[in-house]
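All residue numbers for the sequence shown refer to the numbering used here, where the first residue is 4 and numbers rise by one.
Where is the CB? At the ideal position from N, CA and C, for every residue including glycine.
Since the model is a prediction, treat every value here as computed from it, not as a measurement.
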Amino acid sequence: MRDRSGPRMQSAVARLSLVIPSRAMTVAWARVVSPRYDLGIDTAAADASLALLDGDRVVAEHAWHVETTMSLELLEALDGMLARASVTRQEIARIAVCAGPGQYGGLRTGIATAQGLALGLGVPLAGVGRLEADAWPH
4 MRDRSGPRMQ SAVARLSLVI PSRAMTVAWA RVVSPRYDLG IDTAAADASL ALLDGDRVVA
64 EHAWHVETTM SLELLEALDG MLARASVTRQ EIARIAVCAG PGQYGGLRTG IATAQGLALG
124 LGVPLAGVGR LEADAWPH
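In structure tokens form, the structure reads like this:
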């Protein structure tokens, strides 16, 4: 995996966790006790990315070009990013995942991984459209 981290790669994934889909979910998320982190997953294209946020602050991010298949690289990339940030999976408070448009295989892997993590950790999950996330700062 080739790392493409940097200011330019604060792409849609860093903004995914900032997009809140509904008022009801906002109220539910407001009850989470700090320090907890938001995880953003974007696997819609061959250049995938992950971001870990603490409020509006990007704690860690990892972007890479998928060399083999998304299913082989995603969890390894996630575990590496969490280890570099000294954060455990149990410290994740909510998860946002890119829901498309994008490549079918990458989206399927990202969404399934996000669903499994959210279910296993007992945290809320939000699907965010890639176009909405790209337009968020504007």
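Between Ile98 and Ala80, the CB-CB gap reaches or exceeds 7 Å. Of the candidates Asp50, Asp41, Met73, the residue whose Cα lies closest to the Cα of Asp59 is Asp41.
Taking a contact as a CB-CB distance under 8 Å, the pair Gly113 and Leu77 counts as one, their CB atoms being some 7 Å apart.
CA-CA distance, Leu134 to Pro104, rounds to 8 Å. About 14 Å separates the beta carbon of Leu55 from that of Val100, a gap too long to meet the 8 Å contact definition.
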